[in-house]
Structures are given as structure tokens and as C-alpha cells.
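K.L.:
Got a structure here, written out as C-alpha cells. Questions coming.
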Amino acid sequence: MIVVVLAVAITGGVLWMLNRTEPLVLTERCHITTPRGQLDLDIEQASVASTIAAVAARRRLPERAVVIAYATGLQESKLYNLPFGDRDSVGVFQQRPSQGWGTAAQLQDPVYAAARFFSALVKVRDYRKKPLYEAAQEVQRSADGTAYAQHEEDAKILAAAFTGRVPKALNCWFPKPTKGPEPKAKPDAARKELVRALGTAAASATLDAQGTRISAPSTRRGWLIAAWSVAHAQRYGLRKIRYDRLAWSADDGQNGWRDDTKAPARHVELT
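Written as C-alpha cells, this is what we have:
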């Protein structure tokens, strides 16, 4: 009996310690905090979501369009860029080459897939006023269009964060490589990829000793760029994102955005 009690106590203690341990020690994740609610995401999901928001901003679409896209992506792929699906469906929206959406390779590019989704959505009459599932179904023509409705609340939380409407809403963290050298930061490569999604709004930038500075014409656009950059930080080896007197650091990303009085107000700085 004593052995059993000790085993239970030890197990409980280990679980308590794991729950108290910084998330960085355990895994790589992203977390969203907004007044509407909170969500946890994988880094890939955050990367895809940030790209969708950037493509929508490039097209000057309202936040409602982004919400519809997120609800659709959550239902179709859980916001993963899948290389497979039902029949010939691929990508985040599970679009089918055989139905004229594009080639399989094109549809596995989230920038292209999002652009094609929005091109179809804007042709849906009164899509801003329709129930979400009706607008999504007119684009997707899926077997059960009502399924999109269940994701509307999560989609609204995502949209608030990735469109930049809610500042500092996204945090991501990931461990440093345990083997080999730390990946070299590629801030200008990150900017070039951002330009593909966001367009010329992200093209105005400078490269100097402080890293790559991307112009932010408005606070909301700045936080969209900042969220995109955090979501892509692991891919491009970014160690710090600075904007609007705040900074996110890869070394303690689980702690979120910290005060940084020297962070620029009109540029997002990537290093």
C-alpha cells in the first residue's frame, strides 16, 4: 500500500511540475489572446492564418471575408496546408484541380489558395450579410455546408488577431535546435515572402544594422505585419520582432510581447 501511495504521489508531483513548466520546454506552439477569447495553434496553423489575413488586406477586403475564410479553412483542413484530401482535394481550403481551382502545386501555396478563395467569395452576392455557412458553401459547394457554422466564433478570434485589429494578440514559441548551429536569421527573405501575400504595402523597407524594417502605414497594418512575422519567425530564423514600443523575442516567446521603448512606431523591425 505504501508503494502505491508513493507512486501516486510521485506521479502527481511530476504532472504538477509539467503543468508549471514553461511551454518552451515542452513543445512549440502559438497562442492568441483577444477580448473575444483565446485559442492555441500549431505554428503551421498560425503561418497559414497570417497568410490568409495578408492576402485579404492586399485585396482590401473587410474582416468578415477573413472570418469566412478562416471558418472554411478550419472545417476543411483545420488550417493546415494539406498535400492530400478527398479525391483530388489539396491545400488549406481543399480545393480541387479537377474543378478548375488551379494545379495541385498552386493550391498548396497558401498565398495562391487564399487569393482564389477570395476571388470566388467576392462574387457571392451580399456575402457580408449572409449567414457565414451560406457564403462559405456558395464558394466551396461541399457536401454539408452547415458544418462551416460551427467554426464562426473561433474564426472571429483568429481574424481579430491576424488582421491586426487587436494588438499583440499572437505569441509563438519554439525551442532552439538541440544539434548543430542556430539557423541564421533571414529577415529580408521573410519580407520578400510577406510581399507575395500583402503586396507593395510590405515592399517599403530598409535593411540596416538593426535588421529589416517594414513600413507600417497604420497601426492596424503594423500589427498585421507583426503577427505575420511572429507566425513565420521559426521558418526564417527570426529572433526578435519590434513594433509600437513593444517587442517579441524568440528566446522567451511564451511570455508574449514586452515593453520596449525603442521599438519603432511606424515600422515593424525584424532581426
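Numbered according to the numbering used here, the sequence shown spans residues 1 to 271. For glycine and all other residues, C-beta sits at the position ideal for the given N, C-alpha and C.
Quick one: any contact between the segment 227 to 235 and the segment 143 to 151, if contact means 3 or more CB pairs under 8 Å?
P.N.:
Touching, no, given that fewer than three Cβ pairs across the two stretches are closer than 8 Å.
K.L.:
Cα separation between residue 164 and residue 219?
P.N.:
In the sequence shown, counting from the first residue as 1, residue 164 sits at position 164. In the sequence shown, counting from the first residue as 1, residue 219 sits at position 219. Each residue's alpha carbon lies about 8 Å from the other.
K.L.:
Can you list, in chain order, the stretches of the beta strand (DSSP E) that have 3 or more residues and sit fully within the segment 182 to 270?
P.N.:
For the segment 182 to 270, whole beta strand (DSSP E) runs of length 3 or above, ordered along the chain, are 205 to 208, 211 to 215, 240 to 243, 246 to 249, 267 to 270.
K.L.:
For residue 29, which of helix, strand or coil comes out of DSSP?
P.N.:
Residue 29 sits at position 29 when you count from the first residue of the sequence shown. The answer is strand: DSSP assigns residue 29 an E or B state.
K.L.:
Taking the runs of the beta strand (DSSP E) that are 3 residues or longer, which of them lie wholly in the segment 24 to 106?
P.N.:
Qualifying beta strand (DSSP E) stretches, in chain order: 29 to 34, 37 to 41.
K.L.:
Return yes when the Cβ of residue 30 is within less than 8 Å of the Cβ of residue 255, no when it is not.
P.N.:
Counting from 1 along the sequence shown, the entry for residue 255 is found at position 255. Counting from 1 along the sequence shown, the entry for residue 30 is found at position 30. Not in contact: residue 255 and residue 30 (Cβ atoms no closer than 8 Å).
K.L.:
For residue 201 and residue 191, I'd like the C-alpha separation in whole angstroms.
P.N.:
Taking the first residue of the sequence shown as 1, we reach residue 201 at position 201. Taking the first residue of the sequence shown as 1, we reach residue 191 at position 191. Going by the C-alpha atoms only, they are around 11 Å apart.
K.L.:
Spatial neighbours of residue 182 within its chain, please: C-beta separation below 7 Å, excluding the five flanking residues on both sides.
P.N.:
Within the sequence shown, numbered from 1, the residue matching residue 182 stands at position 182. Contacts found: 176.
K.L.:
In three-state DSSP terms, what is residue 18?
P.N.:
For the purposes of this step, residue 18 is identified with residue 18 of the sequence shown, where counting begins at 1. In this predicted model, residue 18 has a pLDDT of only 38, less than 50, meaning its place in the structure is not dependable enough to derive any value.
K.L.:
Could you tell me the distance, in whole angstroms, from the CA atom of residue 27 to the CA atom of residue 173?
P.N.:
Locating residue 27 in the sequence shown gives position 27, counting from the first residue. Locating residue 173 in the sequence shown gives position 173, counting from the first residue. Their backbone Cα atoms lie some 8 Å apart in a straight line.
K.L.:
When you compare only the Cα positions, how much space is there between residue 55 and residue 221?
P.N.:
For the purposes of this step, residue 55 is taken as residue 55 along the sequence shown, with counting starting at 1. For the purposes of this step, residue 221 is taken as residue 221 along the sequence shown, with counting starting at 1. Looking at the two C-alpha atoms, the distance is approximately 12 Å.
K.L.:
Can you give the Cα-Cα distance for residue 211 and residue 167, rounded to whole angstroms?
P.N.:
For the purposes of this step, residue 211 is taken as the residue at position 211 of the sequence shown. For the purposes of this step, residue 167 is taken as the residue at position 167 of the sequence shown. Using only the alpha carbons, I get a separation of about 22 Å.
K.L.:
Please list, in chain order, all residues of the same chain as residue 48 whose beta carbon is under 8 Å from its beta carbon, the five residues on each side excluded.
P.N.:
Translated into positions along the sequence shown, residue 48 becomes position 48. So the qualifying residues of the chain are 73, 79, 80, 81, 92, 110.
K.L.:
Our contact map puts residue 217 next to residue 271 with C-beta atoms below 8 Å; I'd like the distance itself, whole angstroms only.
P.N.:
Counting from 1 along the sequence shown, the entry for residue 217 is found at position 217. Counting from 1 along the sequence shown, the entry for residue 271 is found at position 271. At roughly 21 Å, the Cβ-Cβ gap does not stay under 8 Å, so residue 217 and residue 271 are not in contact.
K.L.:
Within its chain, find whatever has a CB closer than 7 Å to the CB of residue 22; leave out the 5 residues flanking it on each side and keep chain order.
P.N.:
Locating residue 22 in the sequence shown gives position 22, counting from the first residue. Low confidence applies here, because residue 22 scores a pLDDT of 42, under 50, leaving its location unreliable; read the following figure in that light. Once the five neighbours on either side are set aside, the close Cβ partners of residue 22 are 254.
K.L.:
Could you tell me the alpha carbon to alpha carbon distance between residue 267 and residue 169, rounded to whole angstroms?
P.N.:
In the sequence shown, counting from the first residue as 1, residue 267 sits at position 267. In the sequence shown, counting from the first residue as 1, residue 169 sits at position 169. About 18 Å.
K.L.:
From the DSSP secondary-structure annotation, give me the bridge partner or partners of residue 289.
P.N.:
Absent from the model: residue 289. The displayed extent of the chain is 1 to 271, so no value can be given.
K.L.:
Starting from residue 116, follow the alpha helix (DSSP H) in both directions and report where the run begins and ends.
P.N.:
Locating residue 116 in the sequence shown gives position 116, counting from the first residue. Looking at the DSSP string, the run of the alpha helix (DSSP H) that includes residue 116 is 110 to 121.
K.L.:
For the alpha helix (DSSP H) that contains residue 154, what are its first and last residues?
P.N.:
As a first step, residue 154 is located in the sequence shown; it is residue number 154 there, counting from the start. 152 to 162 is the span of the alpha helix (DSSP H), which, as asked, contains residue 154.
K.L.:
Under DSSP, the alpha helix (DSSP H) around residue 135 begins and ends at which residues?
P.N.:
Here residue 135 refers to the residue found at position 135 when the sequence shown is read from its first residue. Where residue 135 is concerned, the enclosing alpha helix (DSSP H) stretches over 132 to 140.
K.L.:
Helix, strand or coil: how does DSSP classify residue 180 here?
P.N.:
The count along the sequence shown starts at 1 and reaches residue 180 at position 180. The answer is coil: DSSP assigns residue 180 none of H, G, I, E or B.
K.L.:
Check each candidate in 196, 199, 185 and name the one with the smallest Cα separation from residue 269.
P.N.:
Sequence index remark: in the sequence shown, residue 269 carries index 269 (1-based). Of the candidates 196, 199, 185, the one whose C-alpha sits nearest the C-alpha of residue 269 is 185.
K.L.:
Check residue 143 in the structure and name its three-state DSSP category.
P.N.:
Reading the sequence shown from its first residue, position 143 is the one you call residue 143. Note: residue 143 maps to coil in three-state DSSP.
K.L.:
Who are the near neighbours of residue 77 in its chain, counting only those whose CB is closer than 8 Å to its CB and skipping five residues on each side?
P.N.:
For the purposes of this step, residue 77 is taken as residue 77 along the sequence shown, with counting starting at 1. Cβ within range, chain order: 85, 91, 92, 93, 94.
K.L.:
Tell me the rounded alpha-carbon separation between residue 246 and residue 99.
P.N.:
As a first step, residue 246 is located in the sequence shown; it is residue number 246 there, counting from the start. As a first step, residue 99 is located in the sequence shown; it is residue number 99 there, counting from the start. Spanning the two alpha carbons is a distance of roughly 46 Å.
K.L.:
Return the CA-CA distance between residue 123 and residue 178, expressed in angstroms with no decimal places.
P.N.:
Translated into the one-based positions of the sequence shown, residue 123 becomes position 123. Translated into the one-based positions of the sequence shown, residue 178 becomes position 178. So the alpha carbons of these two residues sit roughly 49 Å apart.
K.L.:
State yes or no: is the C-beta of residue 117 within less than 8 Å of the C-beta of residue 69?
P.N.:
Here residue 117 refers to the residue found at position 117 of the sequence shown. Here residue 69 refers to the residue found at position 69 of the sequence shown. Contact flag set, yes.
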